[in-house]
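In this note's numbering, the protein residues as written are 14 to 448. Contents: one structure, followed by commentary.
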């Protein structure tokens, strides 16, 4: 079982030799791995992920010969394991218990095409549920295929189960609804609904199964695929998932599957888990899918294998003596450079047009005829602005006050001189008193 898949992974691990791996070496080895995986019915999307993971981890890595095979094997196991982990796990019996607590039957719908073992897988699951001490009723909603109702009746007779059926060409949705009502009224724990096997390309039949889903609103939907159908099983799963959005997969004839890629591909393409695998013709020959069992079958013993992605230890590098780095100098704050003084040829720079106009009107000033007159006028206007822009009367008053102030200051200065002169005259006149 799974001989092709096992051989593909083993050859990839052994193909890597003792040398520093470059991109060309990896391309050659991964090309051979890709061909082998295609032959093992592994979907292209899964192959791309496996190749990308190995390529990223190995290019430029120096791998010793005695470690490379184990390293690649562990990497592959980790990659495949992560694909199954991403899909999660589902325990159907926990789901049945949840519905049982609220007094409702758990409805399971089976879908798939003719010849995959869908009806037989339904009977096997009915047997498993029965062994867990749950009550079961089966709905023969495949009213299309001749002999489908008789086949189910034979199984229910062997298992001593109730079968809800109508005539051929009856409405499959009505049959499924009758079974659900029967289970509810008789407090049955679980209802298994068989549907007509249909090609995924048949639009009418795919719409019919969508109608059944809308009418009975199943709690769980299972896709049944044939492991031996190879990539066609993957294509079927993708098509059914688009129309039905099933919750999990049963893969039949896994005991005869020498390739092994179907389980890996269906999980990756639908992001739903493989629930069970068929390994024989008898009722007990439906086994829960186990990731570890799958990996052991493909890769051999999982002893000393970590499901975490292995990491190569790099060769120890000779570290140079640490250099004493000088403490970083504190950079002074950048000085704000004063804006350069722009020398203007305009003597009225900084004086508004309104101020020039107002001054000219107040003091009846004619426009200057040359630069000197312009400079003199601008000085007067600036002085006028500095004094608060007085009117002509105020200006004359200020000038008078200033003139009087100056005269007073002059008089003050002259006063000591006059007193000195009087003193001299007095001394001259009465000089006879001096000795």
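Cβ atoms here follow ideal geometry from the backbone N, Cα and C, with glycine treated the same way. Treat the numbers as computed from the prediction; the structure is a model and nothing was measured.
Please work out which residues of its chain come closer than 7 Å, Cβ to Cβ, to residue 378, disregarding the five sequence neighbours upstream and downstream, and give them in chain order.
Stepping through the chain shown from its first residue, residue 378 is reached at position 365. Answer for residue 378: 372 and 390, listed in chain order.
State the DSSP-derived secondary structure class of residue 208, mapped to helix, strand or coil.
As a working mapping, residue 208 is identified with position 195 in the chain shown. Correct three-state label for residue 208: coil.
Throw me the rounded Cβ distance for the residue 150 and residue 115 pair, which I believe falls under 8 Å.
Residue mapping note: residue 150 aligns to position 137 of the chain shown, counting from 1. Residue mapping note: residue 115 aligns to position 102 of the chain shown, counting from 1. Not quite, the Cβ-Cβ distance comes to about 18 Å (not below 8 Å), so this is no contact.
State the beta-bridge partners of residue 235 as determined by DSSP.
Against the chain shown, residue 235 aligns to sequence position 222. DSSP lists 123 and 261 as partners of residue 235.
Are three or more beta carbon pairs between the stretch 273 to 280 and the stretch 147 to 163 nearer than 8 Å?
With the cut-off at 8 Å, the stretch 273 to 280 and the stretch 147 to 163 do not touch.
Sort out for me which residues DSSP pairs residue 291 with in a bridge.
To locate residue 291, count along the chain shown from 1; it is residue 278. Paired residue(s): 299.
Helix, strand or coil for residue 109? Go by DSSP, reduced to three states.
If you number the chain shown from 1, residue 109 lands on position 96. Of the three classes helix, strand and coil, the one that applies to residue 109 here is helix, per DSSP.
Quick test of the definition: if touching needs 3 or more C-beta pairs under 8 Å, does the stretch 277 to 295 touch the stretch 249 to 265?
The stretch 277 to 295 is in contact with the stretch 249 to 265.
Taking the Cβ atom as the reference point for each residue, do residue 254 and residue 235 lie within a distance shorter than 8 Å?
As a position in the chain shown, residue 254 is number 241, starting the count at 1. As a position in the chain shown, residue 235 is number 222, starting the count at 1. No; because the gap between Cβ atoms is not below 8 Å, this pair is not in contact.
Cutting at 8 Å between CB atoms, please list the residues of its own chain near residue 308, excluding the five before and the five after it.
Position 295 of the chain shown, counted from the first residue, corresponds to residue 308. So the qualifying residues of the chain are 90, 93, 94 and 315.
Just to confirm, is the Cβ distance from residue 185 to residue 221 under 8 Å?
Taking the first residue of the chain shown as 1, we reach residue 185 at position 172. Taking the first residue of the chain shown as 1, we reach residue 221 at position 208. A contact, by the Cβ cut-off of 8 Å.
Tell me, to the nearest whole angstrom, how far the beta carbon of residue 193 is from that of residue 120; I am working on the premise that it is less than 8 Å.
For the purposes of this step, residue 193 is taken as residue 180 along the chain shown, with counting starting at 1. For the purposes of this step, residue 120 is taken as residue 107 along the chain shown, with counting starting at 1. About 6 Å separates the two Cβ atoms, so the contact holds.
Less than 8 Å between the C-beta atoms of residue 109 and residue 140, yes or no?
By one-based count along the chain shown, residue 109 stands at place 96. By one-based count along the chain shown, residue 140 stands at place 127. Contact: no.
Please classify residue 135: does DSSP put it in a helix, a strand, or coil?
What you label residue 135 is simply residue 122 of the chain shown in a count that begins at 1. Helix, per DSSP.
Just grab the DSSP bridge partners of residue 100 for me.
The sequence position of residue 100 within the chain shown is 87, counting from 1. Looking at the DSSP assignment, residue 100 forms no beta bridge with any residue, so it has no partner.
Among 361, 418, 182 and 142, which residue has its Cα nearest to the Cα of residue 393?
For the purposes of this step, residue 393 is taken as residue 380 along the chain shown, with counting starting at 1. Per the Cα distances, 361.
Mind reading off the beta-carbon distance from residue 286 to residue 103? Whole number of angstroms is fine, and I expect it under 8 Å.
Numbered from 1 along the chain shown, position 273 holds the residue referred to as residue 286. Numbered from 1 along the chain shown, position 90 holds the residue referred to as residue 103. About 6 Å; that satisfies the 8 Å criterion.
Measuring alpha carbon to alpha carbon, tell me which of 126, 385, 152 and 397 ends up nearest residue 370.
Locating residue 370 in the chain shown gives position 357, counting from the first residue. It is 397.
Tell me residue 175's beta-bridge partners as DSSP assigns them.
Numbered from 1 along the chain shown, position 162 holds the residue referred to as residue 175. For residue 175, which the question treats as bridged, DSSP gives the partners 150.
Compare the beta carbon distance of residue 207 and residue 154 with 8 Å and say whether it is the shorter of the two.
Residue numbering aside, residue 207 sits at position 194 when the chain shown is read from its first letter. Residue numbering aside, residue 154 sits at position 141 when the chain shown is read from its first letter. For residue 207 and residue 154, yes; Cβs fall inside 8 Å.
Measure from the alpha carbon of residue 312 to the alpha carbon of each residue in 198, 87, 381 and 257, then state which is nearest.
In the chain shown, the residue the question calls residue 312 occupies position 299. Nearest C-alpha to residue 312: 87.
If you drop the 5 nearest sequence neighbours on each side, which residues of the same chain put their C-beta closer than 6 Å to that of residue 136?
Start at 1 with the first residue of the chain shown, and residue 136 comes out as number 123. Excluding positions up to five away in sequence, the list reads 168.
Kindly indicate which residue of 383, 359, 385 and 407 has the alpha-carbon position closest to the one of residue 376.
For this step, residue 376 is matched to residue 363 along the chain shown. The residue with the shortest Cα to Cα distance from residue 376 is 407.
Quick check: residue 130 and residue 293, are their CB atoms within less than 8 Å of each other?
Reading the chain shown from its first residue, position 117 is the one you call residue 130. Reading the chain shown from its first residue, position 280 is the one you call residue 293. In this structure, residue 293 does not lie closer than 8 Å to residue 130 by Cβ.
How far does the alpha helix (DSSP H) with residue 5 in it reach, from first residue to last?
Coverage of the chain is limited to positions 14 through 448, which leaves residue 5 absent and any answer about it impossible.
Counting C-beta neighbours from all protein chains within 10 Å, is the total for residue 99 16 or more, i.e. buried, or is it exposed?
Taking the first residue of the chain shown as 1, we reach residue 99 at position 86. Counting Cβ neighbours within 10 Å, residue 99 comes out exposed, since fewer than 16 surround it.
What's the C-alpha gap between residue 365 and residue 395?
Against the chain shown, residue 365 aligns to sequence position 352. Against the chain shown, residue 395 aligns to sequence position 382. In a straight line, the C-alpha of residue 365 is about 11 Å away from that of residue 395.
Taking residue 268 as the reference, give the member of 45, 233, 283 and 310 with the closest Cα.
As a first step, residue 268 is located in the chain shown; it is residue number 255 there, counting from the start. That would be 310, whose Cα lies nearest to the Cα of residue 268.
Nearest to residue 219 by alpha carbon, out of 173, 125 and 187?
Numbered from 1 along the chain shown, position 206 holds the residue referred to as residue 219. Answer by Cα proximity: 125.
Considering only their Cβ atoms, is the gap separating residue 156 from residue 127 smaller than 8 Å?
As a working mapping, residue 127 is identified with position 114 in the chain shown. As a working mapping, residue 156 is identified with position 143 in the chain shown. No, the Cβ-Cβ distance between residue 127 and residue 156 is not below 8 Å.
Can you tell me where the alpha helix (DSSP H) with residue 156 in it begins and where it stops?
For the purposes of this step, residue 156 is taken as residue 143 along the chain shown, with counting starting at 1. Premise fails: residue 156 is in no alpha helix (DSSP H) and is neither H nor E.
Hey, residue 266 and residue 239 are a contact pair by Cβ (cut 8 Å); roughly how many whole angstroms apart?
Position 253 of the chain shown holds residue 266. Position 226 of the chain shown holds residue 239. Their Cβ separation, rounded to whole angstroms, is 6 Å, which keeps residue 266 and residue 239 in contact under 8 Å.
Let me check understanding here. Comparing Cα to Cα, which of 410, 263 and 233 lies closest to residue 246?
The residue you call residue 246 lines up with position 233 of the chain shown. Residue 246 has its Cα closest to that of 263, out of 410, 263 and 233.
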